[in-house]
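Numbering (the numbering used here), first residue to last: 4 to 297. Cβ atoms here follow ideal geometry from the backbone N, Cα and C, with glycine treated the same way. This structure is a prediction, so every number in the text was calculated from the model and none was measured. Structure, as C-alpha cells:
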C-alpha cells in the first residue's frame, strides 16, 4: 500500500513539474539547449573580464584599475557539469571553504544544507540586476534545487553553531558566490522574477549540513543509491517501479524492506551484504533473488 501511495505521489509530482516547467510542449521540443549553453558560456567569459570580486564588501563589481578581473582570479573555480546530455560550465568563487565544528565533510549532491543567500541576474556582459531574492537562513535538500546549487554547494563546508540562549547563530561557515549558466538555473522557462535564459549569481553562506542524508530511511545514504555510478541518484530505479532507489524502501521489490536486508554484516548498512554466489558483486538489497530479512 505504501508503495502504491508513493507511485501516485510521484506521478502527481512529475505532472506538476512538467506543467510548471513549460507553457507549451512544442517550445520545449524545439528549443536548442546546446546552442544556449554556448551563448551562456560566451556571456560569462566576457562578464568575468569586466568584473572583479571586492572582498572588502563581499560583492562582484565592475572592474577598476588595480583590481584582478574574475577571469584571472585564482579563487574562481570551474566545474564541468553534464545535464540532460548537455555540457555546462558552472563557476564557483570560494571566499571561505568553511570550518565546521564538529568536523563535517563537504556535502554530497543529495545532502541537506542550511544556507543564507541572495540572488542577482546577469542582464548583459556588463550589467547585473539588483537583488531579486534573499533569505537569511533556510534548509534545502540539494537534490531538489536548481542544478547550479546542487553541484556548487559541494565546494563548501558548514560552520560552528555558537548559539547561546538566543537566535541560532553560526560562524566560519562556507562563503562564496555561485555563478550559474541558465541551463543549470531556470532554463528557457525562467521563473517569477527571472527571465528565460538568464545567467544568475548567488551569494551564499553555508551554515550547516545534514551528512549522509537518507531520504527513505532504509540504511543506505541517498548519495550512495546510485547503482549506475553517474553521480546522480535521482533516476536510478532498480526494480522499475517508477520510484527512484533513494525514495524506495524496497529497492528490489522482493517484499523485504531494504533496511531489513542487512543480514551478513549487521551494521545498519545493507549495501555491504552479499549472499548470491552467482552474482557476488550485487548487494542483497538490490537482488530480488535474495529475500532474507534480519
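Going by other Cβ atoms of all chains shown within 10 Å of its Cβ, with 16 needed for buried, is residue i buried or exposed?
{"i": "residue 262", "result": "buried"}
{"i": "residue 3", "result": "As displayed, the chain neither begins before 4 nor continues past 297, which places residue 3 out of reach and without an answer."}
{"i": "residue 142", "result": "exposed"}
{"i": "residue 269", "result": "exposed"}
{"i": "residue 185", "result": "buried"}
{"i": "residue 289", "result": "buried"}
{"i": "residue 174", "result": "exposed"}
{"i": "residue 155", "result": "buried"}
{"i": "residue 28", "result": "Confidence is the limiting factor: at residue 28 the pLDDT is only 45, short of 50, which leaves the residue's position unreliable, though a coordinate-based value still follows. Exposed, since its Cβ has fewer than 16 Cβ neighbours within 10 Å."}
{"i": "residue 116", "result": "buried"}
{"i": "residue 57", "result": "exposed"}
{"i": "residue 126", "result": "exposed"}
{"i": "residue 16", "result": "Confidence at residue 16 is low in this model, with a pLDDT of 42, below 50, so its placement is unreliable and no value can be given for it."}
{"i": "residue 106", "result": "exposed"}
Roughly how many angstroms separate the alpha carbons of residue i and residue j, rounded to a whole number?
{"i": "residue 211", "j": "residue 293", "result": "39 Å"}
{"i": "residue 87", "j": "residue 37", "result": "10 Å"}
{"i": "residue 114", "j": "residue 171", "result": "20 Å"}
{"i": "residue 51", "j": "residue 164", "result": "35 Å"}
{"i": "residue 194", "j": "residue 89", "result": "21 Å"}
{"i": "residue 161", "j": "residue 281", "result": "44 Å"}
{"i": "residue 69", "j": "residue 55", "result": "11 Å"}
{"i": "residue 26", "j": "residue 190", "result": "Interpretation of residue 26 is limited by its pLDDT of 43, a score under 50 that renders its predicted location unreliable; the figure taken from the coordinates is listed afterwards. Cα-Cα distance, rounded: 13 Å."}
{"i": "residue 74", "j": "residue 47", "result": "9 Å"}
{"i": "residue 42", "j": "residue 72", "result": "21 Å"}
{"i": "residue 92", "j": "residue 278", "result": "42 Å"}
{"i": "residue 22", "j": "residue 166", "result": "Confidence in residue 22 is poor, its pLDDT being 44 and thus under 50, which makes the residue's placement unreliable; the coordinate value appears in the next sentence. Taking the straight line joining both Cα atoms gives about 42 Å."}
{"i": "residue 136", "j": "residue 213", "result": "24 Å"}
{"i": "residue 61", "j": "residue 33", "result": "40 Å"}
{"i": "residue 285", "j": "residue 168", "result": "50 Å"}
{"i": "residue 153", "j": "residue 64", "result": "25 Å"}
{"i": "residue 259", "j": "residue 253", "result": "6 Å"}
{"i": "residue 271", "j": "residue 287", "result": "14 Å"}
{"i": "residue 196", "j": "residue 84", "result": "25 Å"}
{"i": "residue 295", "j": "residue 273", "result": "12 Å"}
{"i": "residue 230", "j": "residue 255", "result": "12 Å"}
{"i": "residue 304", "j": "residue 204", "result": "Outside the displayed range of the chain (4 to 297) lies residue 304, so it cannot be described from this structure."}
{"i": "residue 31", "j": "residue 149", "result": "For residue 31, the pLDDT reaches just 49, beneath the cut-off of 50, and the residue's location in the model is therefore unreliable, although a value from the coordinates is still provided. Near 18 Å, if we compare the C-alpha coordinates of residue 149 and residue 31."}
Give every residue of the same chain whose Cβ lies closer than 8 Å to the Cβ of residue i, excluding the five residues on either side of it in the sequence, and list them in chain order.
{"i": "residue 247", "result": "228, 236, 237, 238, 239 and 240"}
{"i": "residue 224", "result": "111, 113, 215, 216 and 217"}
{"i": "residue 100", "result": "158, 159, 160 and 177"}
{"i": "residue 39", "result": "185, 186, 191 and 200"}
Ordered along the chain, which non-local residues of its own chain (more than five positions away) have a Cβ less than 6 Å from that of residue i?
{"i": "residue 206", "result": "121 and 180"}
{"i": "residue 53", "result": "66 and 129"}
{"i": "residue 78", "result": "96 and 97"}
Identify, in the order they occur along the chain, each residue of the same chain with its Cβ nearer than 7 Å to the Cβ of residue i, setting aside the five sequence neighbours on each side.
{"i": "residue 19", "result": "Only weak support exists for where residue 19 lies, its pLDDT of 41 falling under 50; the value from the coordinates is given anyway. No residues qualify anywhere along the chain."}
message = Would the region 123 to 136 count as touching the region 83 to 97 if we require 3 or more Cβ pairs under 8 Å?
response = At 8 Å Cβ cutoff, the stretches do not touch.
ask   = Counting only runs that start and end within the region 99 to 154, where is the beta strand (DSSP E) found for 3 or more residues in a row?
value = With a minimum length of 3 residues, the continuous beta strand (DSSP E) runs that stay inside the region 99 to 154 are 115 to 127 and 136 to 144.
ask   = Where in the region 147 to 199 do unbroken runs of the alpha helix (DSSP H), each at least 4 residues long, occur, reported from the N-terminal end onward?
value = With a minimum length of 4 residues, the continuous alpha helix (DSSP H) runs that stay inside the region 147 to 199 are 150 to 155.
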